[in-house]
Amino acid sequence: MYAKINVPVIHNFLVAAHTRNYQYWVLWCRDSRVGMKKDLWKLAVPPLVCYFLGLSLTLPLAAQVVVKLVCEFDSDHGVNDDDCSSKSIAQKAGWIVTSMFVASSLPSVIMNGNYGRMSDLYGRKYIAIIPFIGTLIYVLTLIYVSLFRPAQYIPILLISAFINGFCGIYSVVTMGLFTFAADVLSVPGRSSDINGRQVSRSVSLSSDEDDDDTDRTAPDPAETAFAFSMMEGAISFTRLVGPTLGGLLTAEVDHSFVLALTVAAVFTALGGLWVGLVLPAVSVPGGAGG
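Per this note's numbering, the very first residue in the sequence shown carries number 12; after that it's consecutive.
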């Protein structure tokens, strides 16, 4: 149905990113030697790396930001090493960090199941982008309180943590991008065997016209295992690199956390832009499409 177009790789990439047309991604994969349609799962790796790199940069620094703020507002002698290591400051900082964790975890537990269903209805990419927004708000809030040190920093941090949790944080990112990979790895004529019953789950990728790809059903097990292993490896790599990079950036600017948090915000924003502008839309039958 679609003629083979011999155009430069960069042209196909730009057109695919602009139009989000699946057919152009197929052409880009072919011309750039990424592979066939099943290799589109590789498009999910960059946002995974960006998100978890930003997250692994942020989480260790968030506790340090809280300690600095508690030290400044609760110490009679300003900020110094002796005051910041006192038992009272450590207890209050620990209470605030625990409260932030609870504020993000509770809405995340409630919303994660809803986001899973919404990804079937509206498409993987539109749900996967939500945690990027929430985490970006959280990181920008940490930058704000680090720079301006507002007296009401506790409710500000708790509200930003709640927003981050409501947006799903990392669990929705992995759910959205891993299910996207499973969808594009579907092969024709395959059905899933669940409890001895054959269950067919057809998946289609949005395009202007119907084509043979709408006959795709369950993911290929071997390809899916390889793709998921590579994606998990990318996440593990960022968890190793992120804290190390954060420590180096913090040391370079005399233990200020703003630079490292800014880098985390940039990575998170880039990952969200990749999901929104580059990742092709995936639709599931019965949903509104994506």
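We put the CB at the ideal spot given by N, CA and C, even for glycine.
Reference residue i, options the options, closest by Cα
i, options, result
"residue 125", "113, 139, 112 and 114", "139"
"residue 115", "268, 179 and 251", "179"
"residue 315", "50, 75, 67 and 55", "Only positions 12 to 301 of the chain appear in this structure, which leaves residue 315 out of reach."
"residue 145", "66, 290, 232 and 254", "66"
"residue 136", "183, 151, 108 and 172", "183"
"residue 174", "71, 122, 244 and 129", "122"
"residue 274", "133, 50, 69 and 53", "69"
"residue 148", "98, 120 and 170", "170"
"residue 51", "188, 95 and 96", "188"
"residue 81", "257, 181 and 168", "168"
"residue 253", "272, 238 and 243", "272"
"residue 276", "151, 162, 103 and 165", "151"
"residue 172", "109, 185, 128 and 78", "109"
"residue 112", "232, 234, 236 and 73", "73"
"residue 131", "240, 245 and 190", "190"
"residue 99", "278, 128 and 78", "78"
"residue 128", "235, 246 and 186", "186"
"residue 164", "107, 120 and 181", "107"
"residue 120", "181, 105, 160 and 166", "181"
Start-to-end residues for the alpha helix (DSSP H) that takes in residue i
i, result
"residue 53", "First-last for residue 53: undefined, no H or E at that position."
"residue 289", "Looking at the DSSP string, residue 289 is not in any alpha helix (DSSP H), and its letter there is neither H nor E."
Residue i, DSSP secondary structure in three states
i, result
"residue 116", "helix"
"residue 97", "coil"
"residue 281", "helix"
"residue 197", "strand"
"residue 160", "coil"
"residue 268", "coil"
"residue 178", "coil"
"residue 134", "coil"
"residue 205", "At residue 205 the pLDDT is 34, less than 50, meaning the model places this residue with poor confidence and gives no usable figure here."
"residue 44", "Reliability of the predicted coordinates at residue 44 is poor, the pLDDT of 42 falling under 50, and the value obtained from them is presented with this limitation in mind. Residue state, collapsed to three classes: coil."
"residue 225", "Interpretation of residue 225 is limited by its pLDDT of 45, a score under 50 that renders its predicted location unreliable; no figure is taken from the coordinates."
"residue 213", "Low confidence applies to residue 213: its pLDDT is 41, below 50, so where it sits in the model is not reliable, and the reading given next is rough at best. Correct three-state label for residue 213: coil."
C-beta neighbour in chain C for residue i, strict 7 Å
i, result
"residue 254", "This model lacks chain C altogether, as it is built from one protein chain only."
Nearest-angstrom Cβ-Cβ length linking residue i and residue j, presumed shorter than 8 Å
i, j, result
"residue 270", "residue 260", "5 Å"
"residue 55", "residue 290", "7 Å"
"residue 280", "residue 134", "About 21 Å; that fails the 8 Å criterion."
"residue 257", "residue 71", "6 Å"
"residue 177", "residue 118", "4 Å"
"residue 84", "residue 162", "7 Å"
Q: Pair every Cβ in the segment 273-284 with every Cβ in the segment 60-80, then say whether three or more of these pairs are closer than 8 Å.
A: Contact between the segment 273-284 and the segment 60-80 is present, because at least three Cβ pairs lie under 8 Å.
Do three or more CB pairs link the segment 154-172 to the segment 189-198 at distances below 8 Å? Because the criterion of three Cβ pairs below 8 Å is not met, the segment 154-172 and the segment 189-198 do not touch.
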